[in-house]
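Undergrad:
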Amino acid sequence: MNGRAPDEGWRLSDKDAIATAVDYEDGVAVLTVGGEVDLATVPALETAIDEALATQPTALVVDLSDVEFLASAGLQTLVTTQEKLGTSIQFAVVAEGAATSRPIQLTGLDEIFELYPTRAEAVTAVKAHRP
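According to my numbering, the sequence shown is numbered sequentially starting from 30.
1. Pick out whichever of T61, E54, Q111, I47 has its Cα sitting closest to the Cα of V71.
2. Which same chain residues, not among the five before or five after T61, have their C-beta less than 6 Å away from its C-beta?
3. What would DSSP say about D67, mapped onto helix, strand or coil?
4. Whole angstroms are fine: how far does the CA of L89 sit from the CA of T136?
5. With DSSP as the reference, please indicate the residues paired to Q119 in a beta bridge.
6. Taking the CB atoms as reference points, tell me whether L107 and F142 lie closer together than 9 Å.
7. Tell me which residues share the same chain as A128 and place their Cβ nearer than 7 Å to its Cβ, disregarding the 5 neighbours each side in the sequence.
8. Let me check understanding here. Comparing Cα to Cα, which of A81, A69, L74 lies closest to D52?
Written out as structure tokens, the structure reads:
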């Protein structure tokens with residue numbers, strides 16, 4: 030059961046949490062995200078993105094393959110990330126399936142950032158577009 034932690038706000042239950050991991054492939058930061066990305070978990074996603082960018086990679090790939098639900102707050106985080114990076118760092122998103130690629134395509138965000146069905150395709154594409 031969720032309980033209030035002293036001076037920490039509300040604890041998230043295990044089912045509310047997201048999992049993130051960063052791998053580096055030849056200078057490309059690949060952030061793998063799993064779980065549900067919504068208003069409650071976006072701060073963890075933002076922190077993970079900031080940590081992945083702290084090493085100054087040549088590109089950032091956000092892999093949403095293990096995401097079960099992608100709310101508008103998560104979509105906004107992806108747009109904000111693209112805007113923050115501009116043209117200085119290549120950015121791509123991996124999304125396949127109804128939970129992730131569908132909301133991205135329905136909102137037209139696949140016109141804002143590069144969208145790929147697999148991690149391998151995304152990493153290959155951002156490596157090919159390096160300056």
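The beta carbon of each residue, even a glycine, is placed where N, CA and C say it ideally should be. A quick note: this is a predicted structure, and the numbers were derived from the prediction, not measured.
TA: So, from the data block:
1. I47
2. A50, D92
3. coil
4. 22 Å
5. A88
6. yes
7. V96, E97, F98, L99
8. A81
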